[in-house]
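Numbers in my numbering are just positions in the sequence shown, counted from 1, shifted up by 266.
All C-beta atoms, glycine included, are put in the ideal place defined by N, C-alpha and C.
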Amino acid sequence: MAIGGISKALQHSLKPTSPALMAANGPHYHLALSYYGRAIHEVRGSKLDTGSLRGAIVCCLLFVCFEVLHGDRKAAFAHINNGQRMMDELLHIRDYHDHDHTQNIIGADFVERDILHVFQRLIQQSWSCGVLRRRDQQIAGEPSDADGDPSPEQLWCCRGGSAEKCVVHNMPSSFVSLQQARRWWDVVQHYVTHSSSIVFRVTHLGLDDDVLSECNERIQKHMDKIEQARAGIKTATPEQWQDFKDVLERWHQGFEPHWKAAQKSKSEDEKSYAQAAHLRAHYLTMYGCVHAPLSCSYESIAKLTPKYQEVVELGHQLFEYQKRSWGDGEMFTMDTGPTWPIFMAGTRCRDPEVRSEAIRLLHENPRRDGLWDSRIFYAMTFRNRMLEVSNAQEGSSEEQWWRLQHRSGCIDEHGRLIVRAMEKNPQTGEWEFGEEDLRRFLLD
267 MAIGGISKAL
277 QHSLKPTSPA
287 LMAANGPHYH
297 LALSYYGRAI
307 HEVRGSKLDT
317 GSLRGAIVCC
327 LLFVCFEVLH
337 GDRKAAFAHI
347 NNGQRMMDEL
357 LHIRDYHDHD
367 HTQNIIGADF
377 VERDILHVFQ
387 RLIQQSWSCG
397 VLRRRDQQIA
407 GEPSDADGDP
417 SPEQLWCCRG
427 GSAEKCVVHN
437 MPSSFVSLQQ
447 ARRWWDVVQH
457 YVTHSSSIVF
467 RVTHLGLDDD
477 VLSECNERIQ
487 KHMDKIEQAR
497 AGIKTATPEQ
507 WQDFKDVLER
517 WHQGFEPHWK
527 AAQKSKSEDE
537 KSYAQAAHLR
547 AHYLTMYGCV
557 HAPLSCSYES
567 IAKLTPKYQE
577 VVELGHQLFE
587 YQKRSWGDGE
597 MFTMDTGPTW
607 PIFMAGTRCR
617 DPEVRSEAIR
627 LLHENPRRDG
637 LWDSRIFYAM
647 TFRNRMLEVS
657 NAQEGSSEEQ
667 WWRLQHRSGC
677 IDEHGRLIVR
687 AMEKNPQTGE
697 WEFGEEDLRR
707 FLLD
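Below, the structure written as structure tokens:
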């Protein structure tokens, strides 16, 4: 009821708004808040047993949906974090009582699987916004390893593998269907996001340090490597990066036959093609994250141009398919849509034509997929286009890329979108950091 009410209050528009404007659209907003408050009250007042905990986890997903529509991203992040903590607690209770690590923690195969994958997608979205639980965060009551560090496989999101390994190591060499490939992609994407050091300089202000410090520390490590490379100091590539490359390649080998089959039968089964294209766009984007992380060289990022070009083309096809299927209106989902891959191509690809096409797609296809807002992505890619033009006027390709690696963006406590980048001061002739508020783009 609360989600339906807030949807009515928005009047079919996903542009940023205010409580006053939503309240002016009729009784829907106040009714939505009333139902929302009652739902939270009932969850907080429920009994402390596994059944209630399972119900609260499901409610957390609905609360995230409500706050995403409501526009309160801080509250949405809080619900995602609370949901993860409850999953931790449910896992701990199960282990304490029956010590059966093979039993499902939600209570039914399909329910556990679906909730697990929804949370994995939300965690991936949260990570892309610079918000991620520390990977060394320990489950209450669980022992540490010999060095005093919590084992990553203790976390609910990575459990299920044999011999105390993460579940990703149980991935089959081939998939029986696109649906199975999608489920394993959720596992692979989460594993890479959660366990590697990939990160991008986008964050949210006003959140607790325990959900910001992981990404902030990753950023600092990459920036240190960037400065070392600029000083001529070669840093060894950790062997762990190869593990993530191998996991991505294993998934890709299992997915490739389905992708080829979907391409062949595109005209007869457009829905399956769209599902496969969606997976390929996200795979190519994550491939770029691992093979050319934040601290990569210009040569590494330039090699990805064909992959980013394909991402944009796939995004165009997906948008056209969705228009044919659901019309031209703004779209809202709680899934991982195509906007983030297009945003990555629009800011990282070294071909200006590819970047321009990405900007056009984001502008002409307004939508919100959970925490991913096309208007935020459009604002950042549009501003980046102007930055790229001025940046290209001076220095070698490596020097230009070094300046671009210092780009960053954040959403502050007041909902303003602030970007920061190095630009040349016309008075001094020096490259200096400047900030700009892009909130005006969100209302376009």
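Around the Cβ of residue i, are there at least 16 other Cβ atoms within 10 angstroms (buried) or fewer (exposed)?
i, result
"Thr605", "buried"
"Trp451", "buried"
"Thr599", "exposed"
"Asp635", "buried"
"Arg706", "exposed"
"Trp517", "buried"
"Ser428", "Bear in mind that a pLDDT of 43 at Ser428, under 50, signals an unreliable position, so the number given afterwards is only what the model happens to contain. Looking at its Cβ environment, which holds fewer than 16 other Cβ atoms inside 10 Å, Ser428 is exposed."
"Ser591", "exposed"
"Ser561", "buried"
"Asp678", "exposed"
"Asp490", "exposed"
"Ile499", "exposed"
"Arg633", "buried"
"Ala497", "exposed"
Can you give the beta carbon distance from residue i to residue j, rounded, assuming they're within the 8 Å contact cut?
i, j, result
"Val454", "Cys676", "That belief does not hold up - the Cβ atoms of Val454 and Cys676 are roughly 28 Å apart, past 8 Å."
"Arg379", "Asn347", "That belief does not hold up - the Cβ atoms of Arg379 and Asn347 are roughly 22 Å apart, past 8 Å."
"Ala540", "Leu584", "6 Å"
"Gly349", "Ala447", "Actually they do not touch by this definition, with Cβ atoms about 25 Å apart."
"Glu702", "Arg649", "7 Å"
"Ile381", "Met352", "The Cβ separation is near 11 Å, so there is no contact."
"Ala611", "Tyr574", "4 Å"
"His456", "Gln386", "4 Å"
"Glu522", "Val578", "No, Glu522 and Val578 are not in contact; Cβ-Cβ is about 21 Å, not under 8 Å."
"Ala286", "Phe332", "Not confirmed; about 19 Å, so no contact."
"Thr551", "Gln391", "The pair is not a contact, with the Cβ atoms about 13 Å apart (cut-off 8 Å)."
"Val458", "Ile485", "Rounded, the Cβ-Cβ distance is 17 Å, inconsistent with contact."
"Leu356", "Arg320", "7 Å"
"Arg339", "His544", "Rounded, the Cβ-Cβ distance is 24 Å, inconsistent with contact."
"Leu388", "Val330", "7 Å"
"Ser538", "Leu478", "Wrong, their Cβ atoms sit about 39 Å apart, outside the cutoff."
What number of angstroms, rounded off, separates the C-alpha of residue i from the C-alpha of residue j?
i, j, result
"Thr694", "Leu653", "18 Å"
"Pro572", "Phe609", "16 Å"
"Arg546", "Leu580", "8 Å"
"Gln494", "His345", "39 Å"
"Cys481", "Ala341", "19 Å"
"Ser662", "Trp393", "32 Å"
"Lys690", "Tyr549", "36 Å"
"His524", "Phe441", "8 Å"
"Arg673", "Thr613", "10 Å"
"Glu596", "Leu704", "21 Å"
"Gly317", "Arg686", "47 Å"
"Ile684", "Ala289", "28 Å"
"Val655", "Arg616", "12 Å"
"Gly337", "Leu299", "13 Å"
"Glu515", "Ser312", "45 Å"
"Phe682", "Ser462", "With the sequence shown as reference, residue 682 is identified as Arg, and Phe is not the correct amino acid for it. If I take the Cα positions, the gap works out to 30 Å."
"Asp512", "Leu708", "39 Å"
"Tyr301", "Cys395", "29 Å"
"Val556", "Ala542", "21 Å"
"His607", "His460", "According to the sequence as given, residue 607 is Pro; it is not His. One C-alpha to the other measures close to 18 Å."
"Leu314", "His307", "14 Å"
"Arg449", "Arg651", "36 Å"
"Gly700", "Met688", "6 Å"
"Pro692", "Leu628", "32 Å"
"Gly327", "Asp476", "According to the sequence provided, residue 327 is Leu. The question's Gly does not apply to it. Cα-Cα distance, rounded: 21 Å."
"Leu670", "Ala558", "14 Å"
"Thr726", "Ile625", "The chain is shown only over 267 to 710; residue 726 falls outside these bounds and no answer can be derived."
"Glu696", "Glu660", "11 Å"
Checklist line | Inter-stretch contact (C-beta, 8 Å, three-pair minimum) for the stretch 553 to 573 and the stretch 526 to 537 | finding: Put simply, the stretch 553 to 573 does not touch the stretch 526 to 537. Fewer than three CB pairs are less than 8 Å apart.
Margin query: Within 8 Å, do at least three Cβ pairs link the stretch 658 to 667 to the stretch 634 to 641?
Written below: The stretch 634 to 641 is not in contact with the stretch 658 to 667.
Note to self: Which runs of the alpha helix (DSSP H) at least 4 residues long sit entirely within the stretch 533 to 586? Give them in chain order.
What the structure shows: 536 to 557 and 564 to 568, all fully within the stretch 533 to 586.
Next item on the list: Ignoring anything shorter than 3 residues or poking outside the stretch 448 to 489, list the beta strand (DSSP E) runs there in chain order.
Entry: The beta strand (DSSP E) runs lying completely inside the stretch 448 to 489 and spanning 3 residues or more are 468 to 470, given in chain order.
Margin query: Runs of 4 residues minimum, wholly inside the stretch 611 to 685: which ones carry the alpha helix (DSSP H) assignment?
Written below: Restricted to the stretch 611 to 685, the alpha helix (DSSP H) segments that are unbroken, complete and at least 4 residues in length are 618 to 630, 640 to 657 and 663 to 670, listed in chain order.
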